[in-house]
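Everything below concerns the one structure shown next.
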Amino acid sequence: MIRSVDDTAVKEQTRRKTRKDSLIGKRVPKLDAPDKATGKTRYLDDIKLPRMLYGKILFADRPHARIVKIDTSAAKVMKGVRAVITADDVELVTFGFGSDNTALKKGKVTCIRDEIAAVAADTSEIATEAIKRIAVTYEDLPVIGSIEESLADGAPVIHEHIADNVPFRFDYAHGDVDQGILESDVIVEDTYHVQRQAHCCLGTSGIIADFGSDGRLTLHSLTQVPFSYKHDLSKIIRIPPERIRVIQPPIGGGFGSKLDVHPFEPICVFLARATSRPVRMTFSREEEFLATPTRQPMVIKLKSGAKKDGTFTFRDVLMTLDNGGHTSWGATTPWISIRTFSSLYRVPHVRQHVDVIYTNNIYACAFRGYGNPQATFALESQIDGLADELGMDPLDIRLKNAQESGETTGQGLVLGTCGLKECLETATRNAGWDVKHSAPAKHGKRTGVVRGMGMASIFHVGGGAKIYRSDGCGTMLKMDDFGGVVVFTGASEIGQGSETVIAQIVAEELGLPLDNIRIVNNDTDLTPWDVGVHASRTTFIAGNSALRAARKAREKLLAAAAEQLKRDADDLDLSAGNVVDRSTCEPLAPIPKIIRGLHFGKKNDLIMTSDYYEPPSTAPDKEDKGDISACYSFGTHVAEVEVDQDTGVVKVLGISAAHDVGRVINQMGIEGQIEGGIAQGLGYCLTEELKLRDGRVINPTFTDYKLITTQELPEMNVAFIETNEPAGPYGAKGVAESPLIAVSAAVANAVHNATGVRINELPLTPERVLRKLQEATDADG
Amino acid sequence: MSATKSYLAPTTLSELTRLAGEPGVTVLAGGTDLQPRWSKGTADRPEIVVDIKGINELKGATFANGEIRIGACTRINGIDVNVIVREHAPLLAEAAGRVACPQIRNRATLGGNLCNASPAADTAVPLIALDAVLDIATSAPNGTIIRQVPVTEFFTGPGATVLSPGDVLVAVRFKALPKETFSAWNKFGTRPSMEIAVASVGVVLRMADGKVTAARVGYGSVAPVPLRGVDAEAAIVNQTLSDDVIARCTEAARNEISPITDMRASERYRRDVVAVMLRRMLENARHARNN
Ligand SMILES: Cc1cc2nc3c(=O)[nH]c(=O)nc-3n(C[C@H](O)[C@H](O)[C@H](O)COP(=O)(O)OP(=O)(O)OC[C@H]3O[C@@H](n4cnc5c(N)ncnc54)[C@H](O)[C@@H]3O)c2cc1C
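Residue numbers (my numbering), protein chains in the order written: chain A, 1 to 781; chain B, 782 to 1072.
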């Protein structure tokens, strides 16, 4: 399939690229940065509505138990307590991707974070104390703390309607794996274990629910998907969506954690309804660790092969996922992992089976990369294993199998623009691969400090992902008579810098300074529909929508100018706030003057435009095939490490990254995005793990849940490969999730290069690394 | 719900000892151990808080007659760069500079680190290796009495010390290390910075004619209290630091510590890294001798 490329769009692009005052590709500070840096930003915690109460939830703190009795009487009589509710006080509606969750729990609890009761009180201190006075009698049930326990014969059933504890299974295949095995000269097989990672958003979860006297509900919510949120929530709270308004205060990070409706949100609505007062609920850091979902731990059995010349032959994948006690959208993260196994490098035969397993652990949800970091760790580690078997350089085997622009993968993904080879070549060149990566170490006694280098690549959607009926985004744009522009976009800002990019695009099209553009993106009463911030889609999809709305405004403005100035519209352009002569760039009239001419002249018209952009992608078919995204982004990371073989400490000295981003729109924003992603990826790789024992979280604090700090950050060299994606705004692709995805595999491959030992478990903590090195030494004899 | 009824801020030591003996009093220094517990509810807020940050007698480092004295309420930020400490007890400066992060160090005090009595307290280990003595004050009818307790006898268990209600730590004292002394301290965790030690080691060695003439070894996070390494010391005193001697010393260290397995590390790993840190320090000492 060849995408139709709009000829005028290409001409337009070249024209803008050559223009001196173009904003595209420049370093533009984020629009919200001054407020954040000076402490002016008003986060959810700073919002205090008149007569507002404070909500607090009692969590079960039992991983698996029957609820025998809940006694709220002592809490109810406390001074300052305005409402105490349990499942008995509200109409319970099941929700969640597996329809296995309710806001408050009745009958039984299936993980420690299950919500038992909630209080609204005059102060948060009173609410906290009241929660302590609620007495619950439980009858404990056997706890399933792991995938193995859940699948064991005679394991207790966690949810009655799923007798085998496997709520979801996914299968995918292209080609014929048996044939692939026959075609292979080498085959490698391994099992990979990846851990539970917490999002650790700087801002913890929270919400304010506020009913008007007309019964309309206003939510100050941190959701990253406001429109589907309204839809989903309305069913749980039995309020028609058109009577719900979602306002998003500045969000202190999302990373996928705000993709679902969480039980605390309807609970807060119930409390507001019970008290007829606004109620605010915000999580403490400990609650955030205990009662928000995480990245799903997985066990990945992977077998793959190659021919003598390095050509990949097949991949056979068996993936099990620890879902926890309830199901969120996170259960669908294997969909993205399937795309990595099917389409990262050319491979003719692929088969994947996924089991999503119930346990009594806290449940999992979406997290930046959406199943891809797990898949890429396994796959890219094993590609190095194949290279080892073949005695090939890891770079050569990857180049051998890297796709070119225009190829279609076995899963039907059309790689219109593909910069994978350039990414591989650029990242390794910048890292000094030829000099620093020597043949894998063969060690006897492993001691002392050694260095090594490893690489891994990234394949991810770059033009949205068509999972809903629409993967679109709406924009409305209005220009006032002073040249001020307000852009109403459906796309939420969660810190990623999308509002800056959208403002840049609109300013670029309308020839106005950035200061003239205001973005409204946080109020469903004002903004048009969008599917949400996820799948690295906002710059691509909301950017395209804003671009098209701005082009409509531009046309109207130029037509008005042509009429007022008695010129041909084709001879006019917009630049630096003026209508200019297209060929000489000579200013002819200030833009506001033309707009006023339109308002007050004969036409009496406004410049207000709208656009709904639906990307040219297709929803997957029954076999899970089809071109799910309008384009795909690629990248390669090369890590240089130092391993202390006596203590197991892995120090990452440098990451050289190259990303096919289509086209850079905000140089500063994209650098931040990539560097932040690398930092988050390093945490996933080296230190981060939310540890559970028998369903209980044992490290719910930043003292013991270890993020990477600035001190551990390596030198980062980030290169951008500009493939100019025809479908993207000015050629841009999405890149938000990519930088996190390949870090672990690149580092693990570097550790192998340094020590000769391959570690297939994350995180690479000093203790785990030392143990693996000792085991390898013991095995060597 | 507990609430603090009064907050008192004495400015002299005698005022402090008088107040500290009252029932319901908690002494507050930097608050970096206390405040998180109060906020999280893992400790009740005391009825009376006595803040000691206004007492000048408890602050600062001085050097006289070959002895260094550091007031209990001296901020840890500053000890790391203090010229006296750097010159005469560099291992303490090193440890102070690796407590938490600059923000915490800016509030945290040396006395608080010791009185909190965590087995992981970073400054306790170098003070063990320095043979430090603690001055403890108590109110008496005719003023304040001060008694001395060696740091090795100060800790009695996790979070427990010899301090009785009303006792206040006034200062830490130790002899300046002679010029030629070798000393080292290091701690180990899952990540290099901003880390509660999984294990820490401090060493002070005096050497003559290629032999160790005196040794002090301390360990952190590998026993219920910060521990002195008596057996490790014995393994090297009067010995030249040959590979064999070093191996015997690290073996002794492995055996005399009693680490636990917890979420931060396993018992075995703690023994491993104590042995590695100690071996590297002794190798450095040997190397320093040879140059
Ligand atoms: C984020 C974080 C990271 C940390 N990292 C480290 C680390 O890496 N290494 C480390 O060792 N510690 C660490 N700590 C612990 C803490 O910062 C130190 O123990 C600090 O030195 C405590 O000093 P303070 O003055 O804040 O003590 P406070 O909290 O004021 O007091 C601690 C205890 O000592 C008592 N006390 C204080 N002074 C006296 C006195 N003069 N006489 C009698 N009793 C007294 C108090 O009553 C209280 O019981 C960390 C703490 C936090 C919050």
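From the three backbone atoms N, C-alpha and C, an ideal C-beta is built for every residue, glycine too.
Under 8 Å, do I126/A and M78/A count as touching if we go by C-beta distance? As a working mapping, residue 126/A is identified with position 126 in the first sequence. As a working mapping, residue 78/A is identified with position 78 in the first sequence. Their beta carbons are under 8 Å apart, which means I126/A touches M78/A by this criterion.
Determine the contact status of P729/A and N544/A, defining contact as a CB-CB distance below 8 Å. Against the first sequence, residue 729/A aligns to sequence position 729. Against the first sequence, residue 544/A aligns to sequence position 544. Yes, these two residues count as a Cβ contact at 8 Å.
Can the beta-carbon of L386/A be found closer than 8 Å to that of T340/A? Against the first sequence, residue 386/A aligns to sequence position 386. Against the first sequence, residue 340/A aligns to sequence position 340. In this structure, T340/A does not lie closer than 8 Å to L386/A by Cβ.
Go ahead and label L785/A buried or exposed: buried means 16 or more other beta carbons lie within 10 angstroms of its beta carbon, across all protein chains shown. Given that chain A is displayed from residue 1 to residue 781, the structure contains no residue 785/A and the question cannot be resolved.
Unbroken alpha helix (DSSP H) run spanning Y363/A, endpoints: Working through the first sequence from its first residue, we reach residue 363/A at position 363. Counting along the chain, Y363/A falls outside any alpha helix (DSSP H), and DSSP gives it neither H nor E.
Close beta carbons around R799/B, own chain, < 7 Å, minus the five adjacent residues each side: What you label residue 799/B is simply residue 18 of the second sequence in a count that begins at 1. Around R799/B: S920.
State the CB to CB distance for the pair A402/A and F168/A, rounded to an integer number of angstroms; the pair is presumed to be in contact (CB under 8 Å). Taking the first residue of the first sequence as 1, we reach residue 402/A at position 402. Taking the first residue of the first sequence as 1, we reach residue 168/A at position 168. At roughly 32 Å, the Cβ-Cβ gap does not stay under 8 Å, so A402/A and F168/A are not in contact.
With C-beta atoms as the reference, is A135/A less than 8 Å away from V119/A? Here residue 135/A refers to the residue found at position 135 when the first sequence is read from its first residue. Here residue 119/A refers to the residue found at position 119 when the first sequence is read from its first residue. Contact flag unset, no.
Backbone CA spacing between A546/A and V757/A [nearest angstrom]: Indexing the first sequence from 1 puts residue 546/A at position 546. Indexing the first sequence from 1 puts residue 757/A at position 757. Their backbone Cα atoms lie some 50 Å apart in a straight line.
I144/A: which of T489/A, V109/A, S228/A sits nearest, CA to CA? Within the first sequence, residue 144/A is the residue found at index 144, counting from 1. Among T489/A, V109/A, S228/A, the Cα nearest to that of I144/A is on V109/A.
Cβ of C200/A versus every heavy atom of ligand 1: is any distance shorter than 7 Å? Numbered from its first residue, the first sequence carries residue 200/A at position 200. C200/A: no, Cβ never under 7 Å from ligand 1.
How should M1044/B be labelled, buried or exposed, when 16 other C-beta atoms within 10 angstroms of its C-beta is the threshold for buried? For the purposes of this step, residue 1044/B is taken as the residue at position 263 of the second sequence. Flag for M1044/B reads exposed.
Applying a beta-carbon distance threshold of less than 7 Å, which residues of chain B neighbour E767/A? Locating residue 767/A in the first sequence gives position 767, counting from the first residue. Near E767/A (Cβ distances below 7 Å), the residues of chain B are A1046, S1047, Y1050.
Starting from D1053/B, find everything on chain A with Cβ-Cβ shorter than 9 Å and list it in chain order. As a working mapping, residue 1053/B is identified with position 272 in the second sequence. Result: D646, T647, G648, E767, L770, Q774.
Could you compute how far the alpha carbon of D832/B sits from the alpha carbon of A902/B? Along the second sequence, read from residue 1 onward, the residue named residue 832/B stands at position 51. Along the second sequence, read from residue 1 onward, the residue named residue 902/B stands at position 121. About 21 Å.
Where are the beta strand (DSSP E) runs, 3 residues long or more, that stay fully inside the region 402 to 460 of chain A, in chain order? If only uninterrupted beta strand (DSSP E) runs of at least 3 residues are considered, none is enclosed by the region 402 to 460 of chain A.
Under 9 Å, CB to CB, which of the residues in the region 965 to 980 of chain B have a partner in chain A? F969, G970, T971, R972, P973, S974, M975, E976, I977, V979
When the cut-off is 8 Å and only beta carbons count, does D355/A lie next to chain B? One-based indexing of the first sequence puts residue 355/A at position 355. No, its Cβ sits nowhere closer than 8 Å to a Cβ of chain B.
Let me know if V1003/B comes out buried or exposed under the rule of 16 or more other beta-carbons within 10 Å of its beta-carbon. Counting from one through the second sequence, the residue named residue 1003/B turns up at place 222. Residue burial is scored here from C-beta neighbours: V1003/B has at least 16 other C-beta atoms within 10 angstroms and is therefore classed as buried.
Taking buried to mean at least 16 other C-beta atoms within 10 Å of its own C-beta, is E160/A buried or exposed? Translated into positions along the first sequence, residue 160/A becomes position 160. It is exposed - the Cβ of E160/A has fewer than 16 other Cβ atoms within 10 Å.
Kindly list the residues whose CB is nearer than 6 Å to the CB of R451/A, restricted to its own chain and excluding five residues on each side of it in sequence; keep chain order. The count along the first sequence starts at 1 and reaches residue 451/A at position 451. Within the same chain, R451/A has close Cβ partners E642, A754.
On a Cα-Cα basis, can you pick out the residue from L558/A, G601/A, F600/A, E563/A that is closest to V580/A? Working through the first sequence from its first residue, we reach residue 580/A at position 580. Cα-wise, what sits closest to V580/A is L558/A.
Using the Cβ count rule (16 or more neighbours within 10 Å means buried), how would you classify E623/A? For the purposes of this step, residue 623/A is taken as residue 623 along the first sequence, with counting starting at 1. Exposed, because fewer than 16 other Cβ atoms sit within 10 Å of the Cβ of E623/A.
Are S337/A and G371/A touching if we call contact CB-CB under 8 Å? The residue labelled residue 337/A in the question sits at position 337 within the first sequence. The residue labelled residue 371/A in the question sits at position 371 within the first sequence. Yes, the pair counts as a contact, with Cβ atoms nearer than the cut-off.
Is the separation between the beta-carbon of A553/A and that of M479/A shorter than 8 Å? One-based indexing of the first sequence puts residue 553/A at position 553. One-based indexing of the first sequence puts residue 479/A at position 479. Yes. Within cutoff.
Which residues in the same chain as I147/A place their Cβ atom closer than 7 Å to its Cβ, once the five residues preceding and following it in sequence are excluded? Counting from 1 along the first sequence, the entry for residue 147/A is found at position 147. Cβ within range, chain order: V299, T320, D322, I357, T359.
In chain A, which residues lie less than 7 Å from V1057/B when you measure between Cβ atoms? Taking the first residue of the second sequence as position 1, residue 1057/B is located at position 276. Within chain A, the residues near V1057/B are D646, T647.
Distance between G654/A and E775/A (C-alpha atoms, nearest Å): By 1-based counting over the first sequence, the position of residue 775/A is 775. By 1-based counting over the first sequence, the position of residue 654/A is 654. So the two alpha carbons sit approximately 28 Å from each other.
Closer than 8 Å by beta-carbon distance: list the chain B residues that pair up with Q248/A, in chain order. Counted from its first residue, the first sequence places residue 248/A at position 248. Near Q248/A there are no residues of chain B at all, since even the closest Cβ is about 28 Å away, more than 8 Å.
Backbone secondary structure at R954/B - three-state DSSP: For the purposes of this step, residue 954/B is taken as the residue at position 173 of the second sequence. In the structure shown, R954/B sits in a strand (DSSP, three-state: E or B).
Rounded to whole angstroms, what's the CA-CA distance from D32/A to P250/A? Just pull it up for me. Residue mapping note: residue 32/A aligns to position 32 of the first sequence, counting from 1. Residue mapping note: residue 250/A aligns to position 250 of the first sequence, counting from 1. About 9 Å.
Can you check whether the CB of Y54/A is closer than 8 Å to the CB of G252/A? In the first sequence, the residue the question calls residue 252/A occupies position 252. In the first sequence, the residue the question calls residue 54/A occupies position 54. Their beta carbons are not under 8 Å apart, which means G252/A does not touch Y54/A by this criterion.
Return helix, strand or coil for V652/A, following the three-state DSSP convention. For this step, residue 652/A is matched to residue 652 along the first sequence. Three-state result, V652/A: strand.
Look at the alpha carbon of R537/A and the alpha carbon of V486/A, and state the distance between them as a whole number of angstroms. Start at 1 with the first residue of the first sequence, and residue 537/A comes out as number 537. Start at 1 with the first residue of the first sequence, and residue 486/A comes out as number 486. Looking at the two C-alpha atoms, the distance is approximately 22 Å.
Measuring only the C-alpha atoms, how far is P714/A from G474/A? By one-based count along the first sequence, residue 714/A stands at place 714. By one-based count along the first sequence, residue 474/A stands at place 474. Taken atom to atom, the span from the alpha-carbon of P714/A to that of G474/A is near 40 Å.
C-alpha gap between A824/B and P817/B, whole angstroms: Within the second sequence, numbered from 1, the residue matching residue 824/B stands at position 43. Within the second sequence, numbered from 1, the residue matching residue 817/B stands at position 36. C-alpha separation (whole angstroms): 9 Å.
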